[in-house]
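Student: Below are the structure tokens for one structure; questions will follow.
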Amino acid sequence: GVSWGSFGFEEGLTLCPPPRLSAVLRLPLHRLCPGPRTMAVSLGPKPLVAVGQVTSTPDKEQNFSGCAALVRAAARQGACLVFLPEGFDYIGRDSAQTLSLAESLDGELMARYSVLARDCGVWLSLGGFHERRADWPSTQRIYNCHVLLDPTGRLAAAYRKTHLCDVELEGRVTMKESSFTNPGTEIVPPISTPAGMVLLRARAIETQCYVVAAAQTGRNHEGRMSYGHTLVADPWGTVVAQCSEGPGLCYAEIDLEYLHRVRREIPVQSHRRADLYGTVGLQAALSAP
1 GVSWGSFGFE EGLTLCPPPR LSAVLRLPLH RLCPGPRTMA VSLGPKPLVA
51 VGQVTSTPDK EQNFSGCAAL VRAAARQGAC LVFLPEGFDY IGRDSAQTLS
101 LAESLDGELM ARYSVLARDC GVWLSLGGFH ERRADWPSTQ RIYNCHVLLD
151 PTGRLAAAYR KTHLCDVELE GRVTMKESSF TNPGTEIVPP ISTPAGMVLL
201 RARAIETQCY VVAAAQTGRN HEGRMSYGHT LVADPWGTVV AQCSEGPGLC
251 YAEIDLEYLH RVRREIPVQS HRRADLYGTV GLQAALSAP
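Everything in the sequence shown is counted per UniProt numbering, starting at 1 for the first residue and increasing by one.
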């Protein structure tokens, strides 16, 4: 799944405990997998997730209407968690417009998404929000903020992209996210959701988990096209759901029993070499409720 946000490739939302360190890919992927302690409890029904594919434009009201319709449709289908891609709020024509349209997390747009999450009773993964923070007056720069809202509309987590995307393909694409975006300064602790643990860190598929890629599609404005291919892949890399062209949703059940079976059959996690690359985030996972 390929999703170009207004900032370039999103680092992504990963639903997985921190000990699952991974290789970095070029795609804006989200990982879904339960923490190790989940194996001790009844797995129950398979959680259903919905992954949105949208065509964001500079028109924030139009974008919200389209995203809200997808979230409501997903809720009617019984999804517990809905993913929207980077730049769900808008895609600016240039950096000046991108900066001028940005809001804070306590602004009007995020308040509307909070109400939407509460009204629909779903978790919302908002994959890349143009955020103004307290340093805006002095820096005139924004943050690429991945927001997680719980079903009450509460802000459960906010991860600010730490590795910014600068691209210069001669004669084709030039984009320098670092010219108008501040990098984040922290890794956020995991959050429990019906589909597993949430950790806003890096993209990966090499840790035996479900992979969710929410994408932009179509013409965002006269100077930009996005290419869609929103998808969900299972722990063996099989594509179990994907969107066709145009805005829409795809759905996938997260089969936790299957995931645990894969991990038992090929126990790659036991091969970790903490002596070589440390245990980043391990303590946060062990102390999480």
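Glycine included, every Cβ here is placed at the ideal spot set by N, Cα and C.
Quick check on residue 136: does DSSP put it in helix, strand or coil?
Tutor: helix
Student: What's the call for residue 208, buried or exposed, on a 16-neighbour Cβ count within 10 Å?
Tutor: buried
Student: Given a cut-off of 7 Å on the beta-carbon distance, is the pair residue 198 and residue 159 in contact?
Tutor: no
Student: Consult DSSP for residue 166 and reduce its assignment to one of helix, strand or coil.
Tutor: strand
Student: Within a Cβ cutoff of 8 Å, which residues of the same chain sit near residue 254, ignoring the five residues on either side of it in sequence?
Tutor: The answer, listed in chain order, is 32, 46, 47, 48, 49, 195, 196 and 210.
Student: Should the stretch 147 to 154 be called in touch with the stretch 123 to 132, which here means at least 3 C-beta pairs below 8 Å?
Tutor: With the cut-off at 8 Å, the stretch 147 to 154 and the stretch 123 to 132 touch.
Student: Quick one: grab the DSSP three-state call for residue 125.
Tutor: strand
Student: DSSP on residue 188, reduced to helix/strand/coil?
Tutor: Note: residue 188 maps to coil in three-state DSSP.
Student: Beta carbon of residue 141, beta carbon of residue 88: below 7 Å?
Tutor: When the beta-carbon positions are compared, residue 141 and residue 88 stay at least 7 Å from each other.
Student: Indicate, with yes or no, if the ligand COA has a heavy atom lying under 6 Å from the CB of residue 257.
Tutor: This structure lacks the ligand COA; in fact it carries no ligand of any kind.
Student: With C-beta atoms as the reference, is residue 92 less than 7 Å away from residue 98?
Tutor: yes
Student: Please check the pair residue 212 and residue 64, which I expect to be a contact at CB under 8 Å, by giving their CB distance rounded to whole angstroms.
Tutor: The Cβ separation is near 22 Å, so there is no contact.
Student: Using only alpha-carbon positions, find the residue among 164, 113 and 182 that is nearest to residue 138.
Tutor: The shortest C-alpha to C-alpha distance from residue 138 to any of 164, 113 and 182 is the one to 182.
Student: Pairing CB atoms from the stretch 220 to 236 with CB atoms from the stretch 50 to 64, are three or more of them under 8 Å?
Tutor: yes
Student: Skipping 5 residues on each side, what residues in its chain have a beta carbon closer than 7 Å to that of residue 168?
Tutor: 174
Student: Can you tell me which of the three DSSP states residue 245 falls into?
Tutor: coil
Student: Between the C-alpha atoms of residue 274 and residue 96, what's the straight-line distance to the nearest angstrom?
Tutor: Near 44 Å, if we compare the C-alpha coordinates of residue 96 and residue 274.
Student: Quick check on residue 268: buried or exposed, where buried means 16 or more other Cβ atoms within 10 Å of its Cβ?
Tutor: exposed
Student: In this structure, does DSSP put residue 352 in helix, strand or coil?
Tutor: The shown model of the chain, from 1 to 289, leaves out residue 352, and the question about it has no answer.
Student: By the DSSP assignment, the alpha helix (DSSP H) with residue 226 in it spans what residues?
Tutor: Not the alpha helix (DSSP H): residue 226 falls in the beta strand (DSSP E), residues 224 to 227.
Student: So, helix, strand or coil for residue 113, using DSSP?
Tutor: helix
Student: How would you write the range of the beta strand (DSSP E) that residue 83 sits in, first residue to last?
Tutor: 81 to 84
Student: Let's see if you can read the secondary structure: which residues bound the beta strand (DSSP E) around residue 176?
Tutor: 173 to 176
Student: Helix, strand or coil: how does DSSP classify residue 195 here?
Tutor: coil
Student: Looking at the secondary structure, which residues open and close the beta strand (DSSP E) in which residue 220 lies?
Tutor: 215 to 221
Student: Look at the Cβ atom of residue 230, then the Cβ atom of residue 51, and state whether they are nearer than 7 Å.
Tutor: yes
Student: State buried or exposed for residue 66, treating a residue as buried only when at least 16 other CB atoms are found within 10 Å of its CB.
Tutor: That one is buried.
Student: Mind checking whether residue 105 and residue 90 have CB atoms under 7 Å apart?
Tutor: no
Student: For residue 182, list the residues DSSP reports as bridge partners.
Tutor: Partner(s): none; residue 182 has no beta bridge.
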